[in-house]
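Asks:
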Amino acid sequence: TVGCVAVDSHGNLASATSTGGLVNKMAGRIGDTPVIGAGTYANELCAVSATGKGESIIRGTVARDVAALMEFKGLSLKEAADCVVHERTPKGTVGLIAVSAAGEVVMSFNTTGMFRGCATEDGYSEVAIWSD
Amino acid sequence: MGWAIAVHGGAGDISRSLPHDRRQPREEALRHCLQIGVEALQSNSPPLDVVELVVRELENIPHFNAGRGSVLTSEGTVEMEASIMDGNTMRCGAVSGLTTVVNAVSLARLVMEKTPHIYLAFDGAEQFAREQGVEIVDSSHFITPENVERLKLAKEANRVQIDYNAQPIQNDTKKEKPCANGDSQIG
């Protein structure tokens, strides 16, 4: 699975995700990627793209839950993403990238690793796989 | 407030012993795609254009499980899926079951922009792709030798696998032996 989230300097947000799904999946199987609110979501607060075990991500409405925690509970993007990834989704099943309208970036996962990268206007840039 | 961008190329049980020749091209690809996105944002491209541009590029890189390099179904076919969403308007588009469309994410955007719907799948999505004139190819274009081997291993284990998982999974309790190369054969 691949994905990208972006926010411009005016706070406009967007998200996109694409995948081939699971190895040896049944023909006709639908994963989380095209299910809006599961693997992909964006509103005026944040943009999210997820990857991992699609069935778990769909059950957890992962991408929408990040936005909902910000919207209804007032959490920061990092707090919301960490809650969804580490408290609300089975370990070893999900990773996500997200940006907020304020330019915050989060890359959170409960798997061993996630191929990921980010950059911000202040010059920060990172490409990483594991948590350390 | 400033612009920001993030990309991913899949998550899973990525072994820390992942060989350099499997790690390095993916890291380089992420840097390359990130740079494309950064330059687009610096040029004041709308975020919706930026995410589509970057995901198209990721789809074209066979090291990742999307577009060329997509993993295979139990029947040895590809069934690609993608989606895109604009935060301002909450407009969105999604596609599933694609077998010939080079860039699924762009077809998802066309669903968003050219139809009254959110989601098209399988034959209807393929037909829509032809009506829109997007680039299509024979499905063999998407199939790599590595993914043929991954399917073979997964079928032998009678399991499905998520991105990079060393332990093929069918349910949350059964476990299989990890692959020796640390890459789990699922890209």
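Chains A and B, in that order, give the protein sequences. Residue numbering for the first sequence follows our numbering, starting at 1 and increasing by one per position. Residue numbering for the second sequence follows our numbering, starting at 133 and increasing by one per position. Where a beta carbon is used, it is the ideal one built from N, C-alpha and C, also for glycine.
1. Check each candidate in B:Ala261, B:Gly141, B:Val280 and B:Leu285 and name the one with the smallest Cα separation from Pro227 (chain B).
2. So, with DSSP's three-state summary, where would you put Gly169 (chain B)?
3. Enumerate, from N- to C-terminal direction, the unbroken alpha helix (DSSP H) stretches of 4 or more residues contained entirely within the region 23 to 110 of chain A.
4. Classify Ser175 (chain B): buried if its beta carbon has 16 or more other beta carbons within 10 angstroms, exposed otherwise.
5. Within 10 angstroms of its Cβ, does Tyr124 (chain A) collect 16 or more other Cβ (buried), or is it exposed?
6. By how many angstroms is the C-alpha of Glu191 (chain B) removed from the C-alpha of Ser76 (chain A)?
7. Can you find at least 3 beta carbon pairs, one from the region 187 to 201 of chain B and one from the region 3 to 22 of chain A, that sit closer than 8 Å?
8. Whose Cβ in chain B lies nearer than 8 Å to the Cβ of Phe109 (chain A)?
9. Is it the case that the Cβ atoms of Leu166 (chain B) and Val99 (chain A) are separated by a distance below 8 Å?
10. Say whether chain B places a C-beta atom closer than 8 Å to the C-beta of Arg88 (chain A).
11. Check the Cβ of Gly103 (chain A) against every Cβ in chain B and list those closer than 9 Å, keeping chain order.
12. Can you name the start and end residues of the beta strand (DSSP E) that Gly225 (chain B) belongs to?
13. On a CA-only basis, which of B:Thr231, B:Arg223, B:Asp255 and B:Thr232 is nearest Leu242 (chain B)? Give me that one, please.
14. Give me the subset of the region 35 to 46 of chain A whose CB atoms are less than 9 Å from a CB atom of chain B, sorted by chain position.
15. Quick one: what's got a C-beta closer than 6 Å to Glu211 (chain B)'s C-beta in the same chain, skipping five residues either side?
16. Does the Cβ of Thr51 (chain A) have 16 or more other Cβ atoms within 10 Å, making it buried, or fewer, making it exposed?
17. Following the continuous beta strand (DSSP E) through Leu13 (chain A), name the residue where it begins and the one where it ends.
18. Indicate whether at least one CB of chain A lies closer than 8 Å to the CB of Ser149 (chain B).
19. Which whole-angstrom value describes the C-beta separation of Ile146 (chain B) and Ile129 (chain A), a residue pair presumed to lie in contact below a C-beta threshold of 8 Å?
20. Under 8 Å between beta-carbons, which chain B residues line up against Ile97 (chain A)? List them in chain order, please.
21. Counting only C-beta atoms, is Ser76 (chain A) closer than 8 Å to chain B at any point?
22. Which same chain residues, not among the five before or five after Ala68 (chain A), have their C-beta less than 6 Å away from its C-beta?
23. Within 10 Å of its beta-carbon, does Ser316 (chain B) have 16 or more other beta-carbons around it, so buried, or fewer, so exposed?
24. Does DSSP put Val7 (chain A) in a helix, in a strand, or in coil?
25. His195 (chain B): which of B:Asn279, B:Ala236 and B:Val183 sits nearest, CA to CA?
26. Taking C-alpha atoms, which residue in A:Val66, A:Ala27 and A:Met70 lies nearest to Gly208 (chain B)?
27. Counting only beta-carbon separations shorter than 8 Å, does Val5 (chain A) have a partner in chain B?
28. When DSSP labels each residue in this structure, what does Leu252 (chain B) get in the three-state scheme?
Replies: On the basis of the data shown:
1. Rather than Pro, the amino acid found at residue 227 (chain B) in this sequence is Val. With distances taken between Cα atoms, Val227 (chain B) lies closest to B:Ala261.
2. Here Gly169 (chain B) sits in helix by DSSP.
3. For the region 23 to 110 of chain A, whole alpha helix (DSSP H) runs of length 4 or above, ordered along the chain, are 54 to 59, 62 to 73 and 77 to 82.
4. Per the 10 Å Cβ criterion, exposed.
5. Within 10 angstroms of the beta-carbon of Tyr124 (chain A) lie fewer than 16 other beta-carbons, which makes it exposed.
6. Whole-angstrom Cα-Cα distance: 31 Å.
7. Taking a cut-off of 8 Å for Cβ pairs, the region 187 to 201 of chain B and the region 3 to 22 of chain A touch, as three or more such pairs fall below it.
8. At a C-beta separation below 8 Å, Phe109 (chain A) has these neighbours in chain B: Ala143.
9. Contact: no.
10. Closer than 8 Å: no.
11. Around Gly103 (chain A), the beta-carbon contacts reaching into chain B at under 9 Å are Met133, Gly134, Trp135 and Ala136.
12. Segment Cys224 to Leu230, the beta strand (DSSP E) holding Gly225 (chain B).
13. A check of alpha carbon separations from Leu242 (chain B) across B:Thr231, B:Arg223, B:Asp255 and B:Thr232 identifies B:Arg223 as the nearest.
14. For the region 35 to 46 of chain A, which is checked against every Cβ of chain B, the residues closer than 9 Å are Val35, Ile36, Gly39, Thr40, Tyr41, Ala42, Asn43, Glu44, Leu45 and Cys46.
15. Within the same chain, Glu211 (chain B) has close Cβ partners Thr205 and Gly229.
16. Buried, by the Cβ-count rule.
17. Its beta strand (DSSP E) spans residues Leu13 to Thr19.
18. With 8 Å as the cut-off, Ser149 (chain B) does not count as an interface residue toward chain A.
19. Their Cβ separation, rounded to whole angstroms, is 6 Å, which keeps Ile146 (chain B) and Ile129 (chain A) in contact under 8 Å.
20. Those are Ala138, Val139 and His140, listed as they occur along chain B.
21. So no, Ser76 (chain A) is outside the interface.
22. Excluding sequence neighbours, Ala68 (chain A) sits near nothing in its chain.
23. Confidence at Ser316 (chain B) is low in this model, with a pLDDT of 44, below 50, so its placement is unreliable and no value can be given for it.
24. Collapsing the DSSP output to three states places Val7 (chain A) in a strand.
25. Looking only at B:Asn279, B:Ala236 and B:Val183, the smallest Cα-Cα distance to His195 (chain B) is reached by B:Asn279.
26. For Gly208 (chain B), the closest alpha carbon among the candidates A:Val66, A:Ala27 and A:Met70 is that of A:Ala27.
27. Yes, because at least one Cβ of chain B sits closer than 8 Å to the Cβ of Val5 (chain A).
28. Three-state DSSP puts Leu252 (chain B) in a strand.
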